[in-house]
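Numbering-wise, the UniProt record's numbering puts 75 at position 75 of the sequence shown, and it's gapless, one number per residue.
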Amino acid sequence: MLMPVFPLREPPNLSRLEISEEYTVEIANSLRTLVEAAVRWMFDVSVERDLFTFAGVLAEIFLLSYVGSSCDLLTLLYAGTLMGMTVPVTYVKYEDKLKRGWERITVQYTTFQENLVRKVSNYKDKKT
């Protein structure tokens, strides 16, 4: 049906689109390694009672469930695309200010932690 429109056009060469057997074996091995690592991690969290990781996973699942119930997949994809396109540009533009702010926050956290440790140790000394 389209031949009268493009009478002298050759079909495209698709020989470069083939996937070699070595490449597929390499992909399968890397996927197997990832799945084994995921299963090993799940085993560590569940059996060895790594409570902090377990609590973190529960919090992430709860947050994902809450966000997922608030909006549909298309909205999440749109928001993710929008954030993925704007956050790196904003970071590059304000990188120096962000680093200075992070350093100030780190210093304030360190002083807060030192004061808290000092107060706790003073409280323990008074108690004994």
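C-beta atoms are modelled at their ideal positions from N, C-alpha and C, and glycine is treated no differently.
Predicted, not measured: the structure shown is a model, and the values here were computed from it.
Q: Given a cut-off of 8 Å, decide if Leu82 and Tyr91 are closer than it, judged by their beta-carbon atoms.
A: Sequence index remark: in the sequence shown, residue 91 carries index 91 (1-based). Sequence index remark: in the sequence shown, residue 82 carries index 82 (1-based). For Tyr91 and Leu82, no; Cβs fall outside 8 Å.
Q: Compute the distance between the beta-carbons of Thr53 and Val47, then report whether it is under 8 Å.
A: On the sequence shown, residue 53 is found 53 positions in, with the first residue counted as 1. On the sequence shown, residue 47 is found 47 positions in, with the first residue counted as 1. No, Cβ-Cβ distance for Thr53 and Val47 is not below 8 Å.
(Q) Under DSSP, the alpha helix (DSSP H) around Ile27 begins and ends at which residues? (A) Counting from 1 along the sequence shown, the entry for residue 27 is found at position 27. Element bounds for Ile27: Glu21 to Val47.
Q) Where do the N-terminal and C-terminal ends of the alpha helix (DSSP H) with Ser15 fall, by residue? A) Taking the sequence shown and counting its residues from 1, the one referred to as residue 15 is at position 15. No alpha helix (DSSP H) contains Ser15, which DSSP labels as neither H nor E.
Q | alpha helix (DSSP H) runs wholly inside the region 84-120, at least 4 long, in chain order | A | none
Q: May I ask you to report which of helix, strand or coil DSSP gives Glu60?
A: On the sequence shown, residue 60 is found 60 positions in, with the first residue counted as 1. Reduced to three states, the DSSP call for Glu60 is helix.
Q: May I ask you to report which of helix, strand or coil DSSP gives Asp125?
A: Taking the first residue of the sequence shown as 1, we reach residue 125 at position 125. In the structure shown, Asp125 sits in a helix (DSSP, three-state: H, G or I).
Q | Rounded separation between Ile79 and Gly68 - CA only | A | By 1-based counting over the sequence shown, the position of residue 79 is 79. By 1-based counting over the sequence shown, the position of residue 68 is 68. Reading off the sequence shown, one finds Ala at residue 79, where the question assumed Ile. Cα to Cα, Ala79 sits roughly 12 Å from Gly68.
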